[in-house]
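Have a look at the structure below, then the notes.
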Amino acid sequence: MAPPLRIAIVRDEETAADDTPTAKKTLRAESRVPLTRWEAAAAAAVFLIFAVGLFCIFLTMPQAEYDKILRLPRNLSDLRVLKDNLAVYARDYQAKFVLGYCSIYIFMQTFMIPGTIFLSLLAGALFGVIKGVILVVFSATSGASSCYFLSKLIGRPLVSWMWPEKLRFFQAEIAKRRERLLNYMLFLRITPSLPNTFINLASPIVDVPFRIFFLATLVGLVPASYITVRAGLALGDLKSVRDLYDFKTLAVLFLIGFVFIFPTILKRKRTYE
52 MAPPLRIAIV RDEETAADDT PTAKKTLRAE SRVPLTRWEA AAAAAVFLIF
102 AVGLFCIFLT MPQAEYDKIL RLPRNLSDLR VLKDNLAVYA RDYQAKFVLG
152 YCSIYIFMQT FMIPGTIFLS LLAGALFGVI KGVILVVFSA TSGASSCYFL
202 SKLIGRPLVS WMWPEKLRFF QAEIAKRRER LLNYMLFLRI TPSLPNTFIN
252 LASPIVDVPF RIFFLATLVG LVPASYITVR AGLALGDLKS VRDLYDFKTL
302 AVLFLIGFVF IFPTILKRKR TYE
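Residue numbers for the sequence shown follow the numbering used here, so the first one is 52 and each next one is one higher.
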């Protein structure tokens, strides 16, 4: 089988004179400042809108609870303490809690803030498996979609600056699988082949249609969300986040992902024959 084709991503203004001093100077400038002032201002405006929305939501919360519940856990110990403090609040003010939870989850995914895995564990600890999975999949899909559109607006220079080789590889793979793109995107979402943050940012840049991106995200995140939420039920026994994805769990995820990508492999084999 021939090695995968790698397609270089080059801007229009760079193609005319790649070897000229002006072009090299432009490339060096882009490596230092990936975003223009307009792009940075757009990102700041979106961030501000999210921040104001979160602030308005938190204004409706009981002030006496601020010091206990307005915390983002950084480890399992913080998460256990937060879960104990939130248990009564989540029960007595369920609608407000769900609104705040989803808003924080979407905000973190939109701006690539790490820590959503702790929120997924928290959903399992507070709501159980079924409600927890629904809450996590909804929040994660909404956050990924928000990140998709933000990347569509300002993401190309940022992704090209952070992951140039990975972006070229991803574009080449997408180009080869246009006919069964949904199967491939489902495989990526189910398995840890590529980080979800990279998929969210790179998909609009390599022209993955939003309907395929959305459906693959909605369905593909279910297995991993189930594993994480279910682990939240035994939060006290969990020693490390790494324990969530041991060899057996990863094998199961890749097996599920292979089921979705198998039609693509079979069709390619028939084409070569």
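We put the CB at the ideal spot given by N, CA and C, even for glycine. Keep in mind the model is a prediction, meaning the values are calculated, not measured.
- By the CB criterion at 8 Å, Gly175 and Arg293 fall outside the cutoff.
- Secondary structure at Gly194: helix, using DSSP grouped into helix, strand and coil.
- Inter-residue distance for Ile278 and Ser211 is about 32 Å (C-alpha atoms, whole angstroms).
- For the pair Ile181 and Val187, the Cα-to-Cα distance works out to about 10 Å.
- Nearest to Ile157 by alpha-carbon distance, out of Arg142, Ser193, Phe106 and Leu233, is Ser193.
- For Leu172, the number of other beta carbons within 10 angstroms of its own is at least 16, and it is reported as buried.
- Taking Phe265 as reference, the option from Pro274, Ser254 and Ala275 with the minimal CA-CA separation is Ser254.
- Comparing alpha-carbon positions, the option among Cys198, Leu252 and Ile225 lying closest to Arg207 turns out to be Leu252.
- DSSP places Asn136 inside the alpha helix (DSSP H), whose first and last residues are Leu127 to Asp143.
- The C-alpha of Glu230 is placed about 12 Å away from the C-alpha of Pro260.
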